[in-house]
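Participant: Residues in the sequence shown are numbered from 4 upward in steps of one, following the working numbering. Below are the structure tokens for one structure; questions will follow.
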Amino acid sequence: MAANIDMHTHSTASDGVNSPALNIRLAAEKGMGGLAVTDHDTVSGVSEALCEADNYSNFICIPGIEISTLANGQDIHVLGYFIDHENAEFLSKLEQLRTVRNKRNEKIVKNLQKLGFSITMEEVAAKKKSSSGNIGRPHIAEVLMEKGIISSLREAFEKYLGKGKAAYAVTERISPAEAIKIIFDAGGVPVLAHPGLYDQDELIPMLKEQGLAGLEVYHSDHSAEQEAHYRHLAERYQLIPTGGSDYHGIRNGTVFHGELGNRYSDLKTVERLKSFSKKYR
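Right, dumping it as structure tokens:
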């Protein structure tokens with residue numbers, strides 16, 4: 004079996020372009036060994052992905068989540084792997100998190116309106132690829148591109164949607180430590196996503212004390228120097244180093260974050276993560 008397992012992917016269940024099943028098919032066609040379904044604050048795409056994965060021998064589909072949190076005024080994302088995606092209490096908590104996410108989106112759109120841009124939440128919602136999917140910043144970027152305000156997803160985030168940019172907004176959210184507990188309670192394994200995007204390395208030992216199991220060392224937006232740095236920190240704090248593309252699909256000819264499978268974990272890493280899971284022990 005191929006060893007490359009992409010541990011960070013998004014689908015139409017949140018702000019990805021492809022259906023969960025299509026992501027599985029694309030990964031299998033690439034000869035990958037598997038992938039984790041890690042949509043933002045939802046597990047609604049997991050069942051479809053697991054069903055599709057059954058069509059491929061020796062292909063691993065990991066039920067996961069990427070939970071949005073807030074620390075020191077900044078969005079911090081926590082990945083959860085081997086989640087019990089049918090846990091009723093877990094699903095209820097995710098519904099509350101999505102309400103907060105929607106408020107954040109509304110604030111961003113209002114900020115863009117204050118900048119003089121004609122954009123509405125209705126236009127943004129129309130960009131969802133699935134009626135049950137979450138709205139995210141890539142959907143807002145799509146509208147901006149369609150209106151000719153910017154020419155690419157990268158430009159949208161560099162000018163308006165990224166941290167500290169003209170239309171950026173945050174809302175009150177749970178802390179990373181609370182996300183770790185939510186993931187634990189659902190039988191999962193918590194991993195800090197793309198730490199190189201935060202400039203808050205002091206969070207790592209603090210979250211380790213709260214039960215953090217892994218660190219996303221290999222990510223599409225990490226430089227080689229950052230990957231070496233976080234590999235060292237993973238060793239220092241005895242965290243499992245993981246890798247994922249953060250694949251969202253192709254919008255207007257551009258791959259957001261990275262191509263499927265361009266960062267990955269090997270089977271040994273996946274087995275280490277699985278050994279921490281209550282549900283899959």
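Cβ atoms here follow ideal geometry from the backbone N, Cα and C, with glycine treated the same way. Values in this document were obtained by computation on a predicted structure and should not be read as measured data.
1) Would a C-beta distance cut-off of 8 Å place Tyr-163 and Leu-115 closer than the cut-off?
2) If contact is defined by three or more beta carbon pairs under 8 Å, each pair taking one atom from either stretch, is the stretch 78-88 in contact with the stretch 54-64?
3) Is it buried or exposed for Ser-226, if we count other Cβ within 10 angstroms and need 16 for buried?
4) Between Glu-98 and the rest of its own chain, which residues show a CB-CB distance below 8 Å, the 5 nearest in sequence each way excluded?
5) Which whole-angstrom value is the C-beta distance of Tyr-267 and Asn-7, which I expect to be below 8 Å?
6) Taking Met-148 as part of the beta strand (DSSP E), name the residues at either end of that continuous run.
7) Where do the ends of the beta strand (DSSP E) carrying Ser-71 lie?
8) Could you say if the stretch 65-80 and the stretch 40-48 meet the contact criterion of at least three C-beta pairs nearer than 8 Å?
9) Three Cβ pairs or more, each shorter than 8 Å: is that satisfied between the stretch 168-185 and the stretch 193-206?
10) Helix, strand or coil for Met-35? Go by DSSP, reduced to three states.
11) Could you say which of Gly-34, Ile-63 and Gly-19 lies nearest to Lys-271 if we only look at CA atoms?
12) Excluding the five sequence neighbours on either side, which residues of its own chain have a C-beta within less than 7 Å of the C-beta of Gly-264, listed in chain order?
13) Would Asn-26 be called buried (16 or more neighbouring beta carbons within 10 Å of its own) or exposed?
14) So Pro-244 packs on Val-220, CB below 8 Å; how close in whole Å?
15) Taking the continuous alpha helix (DSSP H) assigned at Gln-77, which residues delimit it?
16) According to the neighbour-count rule (16 or more other Cβ atoms, all chains shown, within 10 Å of its Cβ), is Ser-278 buried or exposed?
17) List the endpoints of the continuous alpha helix (DSSP H) containing Thr-245.
18) Mind checking who Ile-12 pairs with in its DSSP beta bridge?
19) Touch check for the stretch 100-115 and the stretch 124-138: three-plus C-beta pairs under 8 Å?
20) Rounded to a whole number of angstroms, what is the C-alpha to C-alpha distance between His-11 and Glu-161?
21) What beta strand (DSSP E) runs, 3 residues minimum, are completely inside the stretch 175-231?
22) Report the residue from Tyr-250, Ala-24 and Lys-211 whose alpha carbon sits nearest the alpha carbon of Arg-239.
23) Between which two residues does the alpha helix (DSSP H) containing Ala-91 stretch?
24) Decide if Lys-130 is buried, meaning its Cβ has at least 16 other Cβ atoms within 10 Å, or exposed.
Facilitator: Judging by the given coordinates:
1) Within the sequence shown, residue 163 is the residue found at index 160, counting from 1. Within the sequence shown, residue 115 is the residue found at index 112, counting from 1. Yes. Within cutoff.
2) no
3) Here residue 226 refers to the residue found at position 223 of the sequence shown. Ser-226 is exposed by the Cβ-count criterion.
4) Numbered from its first residue, the sequence shown carries residue 98 at position 95. Same-chain partners within the cutoff: there are none.
5) Position 264 of the sequence shown holds residue 267. Position 4 of the sequence shown holds residue 7. Sure, about 4 Å apart at Cβ, within 8 Å.
6) Translated into the one-based positions of the sequence shown, residue 148 becomes position 145. Secondary structure note for Met-148: it is in no beta strand (DSSP E), and the uninterrupted alpha helix (DSSP H) holding it is 140-149.
7) Locating residue 71 in the sequence shown gives position 68, where the first residue counts as 1. Segment 63-74, the beta strand (DSSP E) holding Ser-71.
8) yes
9) yes
10) Position 32 of the sequence shown, counted from the first residue, corresponds to residue 35. DSSP places Met-35 in coil when its eight states are reduced to three.
11) As a first step, residue 271 must be located in the sequence shown, where it is residue number 268. It is Ile-63.
12) Within the sequence shown, residue 264 is the residue found at index 261, counting from 1. Counting only Cβ-Cβ distances below 7 Å, and skipping sequence neighbours, we find Asn-7, Asp-9, Ala-30, Lys-33, Met-35 and Ser-248.
13) Position 23 of the sequence shown, counted from the first residue, corresponds to residue 26. Buried: at least 16 other Cβ atoms inside 10 Å.
14) Locating residue 244 in the sequence shown gives position 241, where the first residue counts as 1. Locating residue 220 in the sequence shown gives position 217, where the first residue counts as 1. With 8 Å as the limit, Pro-244 and Val-220 qualify as a contact, their Cβ atoms being about 4 Å apart.
15) Against the sequence shown, residue 77 aligns to sequence position 74. No alpha helix (DSSP H) contains Gln-77, which is instead part of the beta strand (DSSP E) from 77-84.
16) Position 275 of the sequence shown holds residue 278. Flag for Ser-278 reads exposed.
17) Counting from 1 along the sequence shown, the entry for residue 245 is found at position 242. Looking at the DSSP string, Thr-245 is not in any alpha helix (DSSP H); the run it does join, the beta strand (DSSP E), is 243-247.
18) On the sequence shown, residue 12 is found 9 positions in, with the first residue counted as 1. Correcting the residue identity first, residue 12 is Thr in this sequence and not Ile. BP columns for Thr-12 point to Val-40 and Tyr-250.
19) Judged by pairs of C-beta atoms under 8 Å, the stretch 100-115 touches the stretch 124-138, as three or more such pairs exist.
20) For the purposes of this step, residue 11 is identified with residue 8 of the sequence shown, where counting begins at 1. For the purposes of this step, residue 161 is identified with residue 158 of the sequence shown, where counting begins at 1. Each residue's Cα considered, the two are about 22 Å apart.
21) 192-195 and 217-222
22) Start at 1 with the first residue of the sequence shown, and residue 239 comes out as number 236. The residue with the shortest Cα to Cα distance from Arg-239 is Lys-211.
23) On the sequence shown, position 88 is the one that residue 91 refers to. First-last of the alpha helix (DSSP H) with Ala-91: 91-117.
24) Locating residue 130 in the sequence shown gives position 127, where the first residue counts as 1. Buried.
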